[in-house]
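K.L.:
Sequences listed follow chains U and V, in order.
If you read the first sequence in the working numbering, its first letter stands for residue 1431, the second for the next number, and so on.
If you read the second sequence in the working numbering, its first letter stands for residue 28, the second for the next number, and so on.
Don't be surprised by glycine CBs; every beta carbon is placed ideally from N, CA and C.
Questions regarding the structure given below will be posed in turn.
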Amino acid sequence: MPKRNDIQSVLVFGSGPIIIGQACEFDYSGTQACRVLKEEGYRVILLNSNPATIMTDPETADATYIEPMTVEAASKIIDIERPDVILPTVGGQTALNLALALVDAGVLEKYGVQLIGAQVESINKAEDRELFAQAMGNIGLSVPRSGVARNVAEAREALANTHLPAIIRPSFTMGGTGGSIAYTDEEFDGLVQWALDQSPATECLIEQSILGWKEFELELMRDAADNVVVICSIENVDPMGVHTGDSITVAPAQTLTDKEYQVMRDAAVDIMREIGVDTGGSNVQFGINPEDGALVVIEMNPRVSRSSALASKATGFPIAKIAAKLAVGYTLDEIQNDITKETPASFEPSIDYVVTKIPRFTFEKFAGADDILTTQMKSVGEAMSIGRTFKESLQKALRSMETGTAGFEPLELPEGEEGLALLRKKVRDPRPARLHAVAEAFRRGFSIKEVFDLCKIDPWFLGNIREIIEAEACLVEASENERKEFLLRAKQMGFSDARLAALWNVNEAEVRDLRHKLDIRPVYKRVDTCAAEFEAFTPYMYSTYEQECEAAPTDRKKVMILGGGPNRIGQGIEFDYCCVHASFALAEAGYETIMVNCNPETVSTDYDTSDRLYFEPLTLEDVLEIAHIEKPDGVIVQFGGQTPLKLCLDLERAGVPIWGTTPDAIDRAEDRERFDDMLAKLELTKPESGLARSVEEAVAIAARIEYPILVRPSYVLGGRAMEIVQNEEGLRYYMQVAVNVSPEHPVLVDRFLSDATEVDVDAICDGKRVVIAGIMQHIEEAGVHSGDSACSLPPYDLPPSMIKEIGEASRKLALELGVCGLMNVQYAVKGDELYIIEVNPRASRTVPFVSKAIGRPLAKLASLVMSGKTLDELDYTQEIVPPHFSVKEAVLPFVKFPGVDTLLSPEMRSTGEVMGIDSDFGRAYAKSQIQAGNTLPLSGRILVSVKEEDHDRVAEAVKELTDNGFDIIATTGTAATFKALGIESELVAKVGQGHPNTVERINEGDVDLVINTVGADPRSVSDSSSIRRAALTQGIPYFTTAAAACAAVGGIRALQSESIGVRALQETHRRIGEDSN
Amino acid sequence: MNARQALFAAKKPALLALADGTVYRGTALGAEAVGTGEVCFNTSITGYQEILSDPSYAGQMVAMTYTQIGNVGTNAQDSESARPFLSGFIVKEAFQVPSNFRSEETLHDYLVRWEVPAIEGIDTRALVRRIRDEGAQMAVLSTDPAQQDPEALVELACKAQGLEGVDMVKRVTCEEPYEFSQGTWSGIAGQPTRAQVPEEKLKVVAYDFGVKRNILRLLVENGFEVTVVPATTPASDVLARKPDAVFLSNGPGDPAAVEGVLENVRTLANELPVFGICLGHQILGLALGGTTHKLKFGHHGGNQPGQDQFTKKVSICAENHGFAVDAESLRTAGEPVVITHLNLNDGTVEGLAHETKPIFSVQYHPEASPGPHDAGFFFTRFREMVLRHKQGEAVTGAQIANTAGNVADCSADCSENKGV
């Protein structure tokens, strides 16, 4: 069947901001889908609120709406654009849920728009637990025993059938949000309530636990002619009980005979047909009893999923791209396999390597969060690696994580039985880095059976890990000569130079030198979908220690771009966006582009983003080897975040040509003392500060610059361990306990500027000319990490003189550092004073936001500058101040971490961002809040409980609302001030001071907006945390700074006057052009 | 064995020498022996035991493209014949701690028991690329410590006789007729519902050219009473058993070299419904006047696209063949035969059906084992054809094959045979 000619335009839904459970894999899938549909000649309309995506680049679709992913905004877009069909299956659960909501609201019917890829009935059948269980019964398949509950009483009934422990799964949530495992009767009710609260349908499933069973996934595709193919099988190393997104997974499945695998395949194909997924990709998860092979179906996603991205990268089969083609009518046999060029897509990939994915966690940022892994996903990123054997693949994956591990380092444990008991616990409990405990157990002589009994990880995986540990023991004992003899075999097992160096007690360079002297270097093999049966035309490569190298480097002019590795808080999709742009721009400029990255979720690791792709860890060892084989003319390190930047000095020393700002300039910006010298030279000011190498040094510095102070370890990203300290006691605690200061790990001590306004600047410099790309004024005051703060471009209330001064300072800094490419500066404005907080001569997190706000592709321009073009030649010489406001708002993952305070701090914790664009600041801010899930009410009741310093400011803002349809309830102090200022409010008790108290009012659904600010003392913070938590779980918009509350009031007023409007980004950019003409 | 010996000490060496002079050095696995055969590669990720025990590999050595082999050990239920017939086995890594609830014996022990020499630790992908680019060739695999001289082994490989023109069937066929009544693997709890075995029994005589058990099991599952007979059993002996149908099995080697079968097949094809798989399909093609040719490196794997030329539906097929029927030769032979299935990768013939007689055949393996079950419908079609024939209907293979009731259009696709 050829493609459909009865449709002209397709509306594609993206997945919105990056959140846990829904990350940049949907930018990858969405971008692929948009490109394919455009190539096929359809008009593509896109809705996605996430600006940090390639998908929302103005070139990706014909009309791009960075607007709220709500029924209201989507309806307006449908009204303007009149699409023929909607493709909701490439934007994760967010897209699917929005499509269902539009159907429910009758919008699709009203405008005669069809869904393609999946129909409502099949979405419901797959997502509704009861319907799904029924459907499985129809085809003779088993699901775990379960019961659906819409309230706690129903859940209790279901429990009688399933028994404890019981799995609690809310319906219609992504990443298992709200899911948990109840082990005891006591915790059951609370966990059920939480699940019900998280489910948009207030529904959850109480399910028989099959903890300890093996878990598998199959990725399938189906076309309109009912051809079904399995793209990839995946086996979870962590058994059932850990969300697959949090599990270490391996492709292909390792421990099934063909007989069992084919039964699973038959079941998956039957499920595809029974659920009725018309076309596209789906993912089915199975549990297998290790004792007798019994099979149960866990769940099915009738859409492209996180696992599809992994499967695409693992096999080279582009699932989302093919899914988009199938959705418009093609059949699999009509589509060519890009990689082999000769054979069709109607086949099942075969792979001749092993793929390992390890999730990346950031529990250290969420004090109070339990790091035990359950059915609710908590990881924020992942790294994937490819090796010829599992051992090689696993060890490559470990060093891809960038968690400081280069292999299976020993665990430090107490002596004797106490240590063993702790070790057993670490092997038993699923937590991040459990495999290190498994390895340690083997190091201490545990048998495979003993370890299996504790953790239920399949003995095949355990046996391989044990072999790695046995090899380590052997390597440690090796004589000088034996080291040479064993080295090749060790490399084949995946040992990194760094791990070998640790085992041999030498430094990494010595291992590398020895290896090179013996001419032991990796070869590169291709990922080709077909295990070499056909020739591969796409250079998608991985390293291994084998005989034949298939890299076949060219002698073209070439540039190598180092990506950002696994996503983490503080380093995510924004950097991948920059890398992809660099690749596009330089390819256009005639360079061969070579991408190096190990993050399977990204666009950068799509095999057709760059001319050549190396799916490799971003360690010095791995990058140097690629540089050795490719001999690039330049390497770009300033786009991938801290990961490649950390390598730049070593790369330069090894003779690798670094493009852009020199490593020395980067060091000058990062090294505090050199930085201070530069500021003095430029006559710029920064908050008084000092570098402390001991506790006493820190105390002395603090005494000089006065409290409050801001303290943080040097060389960090995302505000890791950054804190505001109020007094000496707090400082001593921080220095000793929190960061463990030492001469090697000094701590920066800055004067904290209370109530200052923060400003972020992105600029681009070619060494001679500096262009200010964007000046962003933060909404939240200094003290909230810039990544967690909302910001406005252009500034919404800075005086022109200050804006000018900021521009001047930025120019001076760029020229003095000799920046070549992008630079980001953070400022604090207090009164008339401008302070420099930090300078980063690299791409910043805000580059995609600014690019979309001003309509210029900054990363592309910067990469061309790095290749030697001047800004003049690129025709980018003037700052663009757009005629509209763009507000970036952060999206925070608190809902995944029960027990964590939601108060914003200098520690960055947001996972993603949204962008609100409108003609005035208030409306743009309001939009950004809606997009971030903080839907502002237009009337109702506001709970106000604010610290004394904020009373006047909040009162002024709130007064506007009491005149316009809002009632106020306030806690004692706040209410008294309000009364004095003539604002009526109803008194509400603080928690522990009577009933009904603040939390009770929130939980009763009696409150529509919460404004809660709190002073620095720990007691008032902990006293009020239950208010914020209650607002979060009830889904009520809440603001924890006075500045944000004031902006919100402005937003409400704007929305009261007129509901939100939508406009395509292309049109917004056209208006910038007109404005500047 | 301590860790050092296992992981780093000099292991028993093994050598694989190709006729073109390429030599791969690895370590020995399985039996201590020297094997000679044509090297082919198989892209199935699962199912190494079924592959090892498939008689179609007689005269060949198999290189597995997937790198972790041996993970699930071996067991009594997953063998496709009484013993392996292949002459060597080539893997990247055979991990010695199998894990599966059905595992009974490690891969190594299984290979030792059946005297199959094997090599591990070589760059199997490099080997596969060589075969892909240069074509299948003869090789010698030695795990015998006394025979590790590369030049001598290359010379041996050069002198070795290839598959073309050699009757491999006589090495693998059974000696005496026997009844077969075993059904398919009972499976696991929670598997999809299976069709019931039909009550009404039909009698089929299966020619054993190197038959895989799963074919026989599926015939049983489809209500056949199965008698397996040696490859050269005269047609008259078969007719004397008064069967309702004849089945021509898979088997090894060059179809044109198999002696004493074509005349029998021609006779039976005029009397009874016939179904052939793989070598049986090729023999049927020859019996109907066509010719066969050797493919460059064949199709060996569980992921091949086989397209029904009537419905255009694609089945993911298990394939294992180094020869194919020439599409053109059948047309020129004037026998009224339609090509029912094509391989979409290279356009080679994968299925035939007769337009006037109850005969059809398939090049790939609808019995799977290993491989997907997509093409299992061939067995139900066979039953349907035999039943309708038995009831006196003048049913033809083409009628059975053409479920869509279309005119098959394959003139464009099969003209270019890229596999040659």
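#1: Helix, strand or coil: which one does DSSP assign to residue 30 of chain V?
#2: Assuming residue 423 of chain V and residue 381 of chain V are in contact, meaning their beta carbons sit under 8 Å apart, how far apart are those beta carbons, in whole angstroms?
#3: Which class does residue 1452 of chain U belong to by DSSP, given the choice of helix, strand or coil?
#4: Would you mind giving the Cβ-Cβ distance between residue 1548 of chain U and residue 1443 of chain U, rounded to the nearest angstrom? I have them listed as a contact below 8 Å.
#5: Under 9 Å between C-beta atoms, does residue 400 of chain V make it to chain U?
#6: Residues of chain V with CB under 7 Å from residue 2163 of chain U, in chain order?
#7: Out of U:1982, U:2038, U:1838, which has the shortest C-alpha to C-alpha gap to residue 1466 of chain U?
#8: Using a Cβ-Cβ cut-off of 9 Å, state whether residue 1692 of chain U counts as contacting chain V.
#9: Report the neighbours of residue 1657 of chain U on chain V: residues whose CB is nearer than 7 Å to its CB, in chain order.
#10: Name the residue from V:43, V:428, V:201, V:395 whose alpha carbon lies nearest to the alpha carbon of residue 179 of chain V.
#11: Residue 1787 of chain U and residue 1679 of chain U look like a contact to me (Cβ under 8 Å); what is the Cβ gap, rounded to whole Å?
#12: What's the call for residue 95 of chain V, buried or exposed, on a 16-neighbour Cβ count within 10 Å?
#13: Using the beta-carbon of each residue, which ones in chain U are nearer than 8 Å to residue 39 of chain V?
#14: Check for me: the alpha helix (DSSP H) holding residue 1894 of chain U runs from which residue to which?
#15: Mind reading off the beta-carbon distance from residue 2010 of chain U to residue 2056 of chain U? Whole number of angstroms is fine, and I expect it under 8 Å.
#16: Can you find the residues in the same chain that come closer than 6 Å, C-beta to C-beta, to residue 2123 of chain U, ignoring five residues on each side of it along the sequence?
#17: Say whether chain U places a C-beta atom closer than 9 Å to the C-beta of residue 265 of chain V.
#18: Label residue 2437 of chain U either buried or exposed according to how many other C-beta atoms from any shown protein chain fall within 10 Å of its C-beta, with 16 as the threshold for buried.
#19: Less than 6 Å between C-beta atoms, sequence neighbours within five positions excluded: which residues of the same chain meet that for residue 2417 of chain U?
#20: At a Cβ cut of 9 Å, what residues of the region 1886-1901 of chain U count as close to chain V, listed as they run along the chain?
#21: With distances taken between CB atoms, is the gap from residue 183 of chain V to residue 167 of chain V smaller than 9 Å?
#22: Going by DSSP in three states, residue 2228 of chain U sits in which element: helix, strand or coil?
#23: Looking at residue 2132 of chain U and the ligand FAD, is the gap between the Cβ and the nearest heavy atom below 8 Å?
#24: Leaving aside the five residues before and after residue 2427 of chain U along the sequence, list all residues of the same chain whose C-beta is less than 6 Å from its C-beta, in chain order.
#25: Using the Cα positions of residue 127 of chain V and residue 2280 of chain U, report the straight-line distance between them to the nearest angstrom.
#26: Using only CA atoms, which one of U:1917, U:1724, U:1476 lies nearest to residue 2494 of chain U?
#27: Under a Cβ-count criterion, where at least 16 other Cβ atoms within 10 Å of its own Cβ denotes burial, should residue 1441 of chain U be classed as buried or exposed?
#28: Whole angstroms is fine: what's the gap from residue 133 of chain V's alpha carbon to residue 97 of chain V's?
#29: Return no unless some Cβ of chain V is closer than 9 Å to the Cβ of residue 1663 of chain U.
#30: Identify the residues that DSSP records as bridge partners of residue 385 of chain V: which are they?
#31: Could you round the C-beta distance between residue 386 of chain V and residue 300 of chain V to whole angstroms and report it? I think they count as a contact, below 8 Å.
#32: Using the Cβ count rule (16 or more neighbours within 10 Å means buried), how would you classify residue 1431 of chain U?
#33: Using the three-state DSSP reduction, which class does residue 2038 of chain U fall into: helix, strand or coil?
#34: Which chain V residues are close to residue 1744 of chain U, counting only those with a beta carbon under 7 Å from its beta carbon?
#35: Does any C-beta atom of chain U lie closer than 9 Å to the C-beta of residue 128 of chain V?
#36: Classify residue 2380 of chain U: buried if its beta carbon has 16 or more other beta carbons within 10 angstroms, exposed otherwise.
P.N.:
Checking against the coordinates, here is how it stands:
#1: In this prediction, residue 30 of chain V scores a pLDDT of 48, lower than 50, which makes its location untrustworthy; the coordinate-derived value is nonetheless stated afterwards. DSSP places residue 30 of chain V in helix when its eight states are reduced to three.
#2: 6 Å
#3: strand
#4: Not a contact, Cβ separation roughly 12 Å.
#5: yes
#6: Those do not exist, as residue 2163 of chain U stays about 46 Å from chain V at its closest Cβ, beyond 7 Å.
#7: U:2038
#8: yes
#9: 340, 341
#10: V:43
#11: 5 Å
#12: buried
#13: Under the 8 Å cutoff, chain U gives no residues; its nearest Cβ is about 15 Å from residue 39 of chain V.
#14: 1889-1907
#15: About 18 Å; that fails the 8 Å criterion.
#16: 2173, 2176
#17: no
#18: buried
#19: 2405
#20: 1888, 1889, 1890, 1891, 1892, 1893, 1894, 1896, 1897, 1899, 1900, 1901
#21: yes
#22: coil
#23: The ligand content of the structure shown is nil, which means the ligand FAD is not present either.
#24: 2419, 2421
#25: 55 Å
#26: U:1476
#27: buried
#28: 7 Å
#29: yes
#30: Looking at the DSSP assignment, residue 385 of chain V forms no beta bridge with any residue, so it has no partner.
#31: 7 Å
#32: exposed
#33: coil
#34: Correct list: empty, because the minimum Cβ distance to chain V is about 12 Å.
#35: yes
#36: buried
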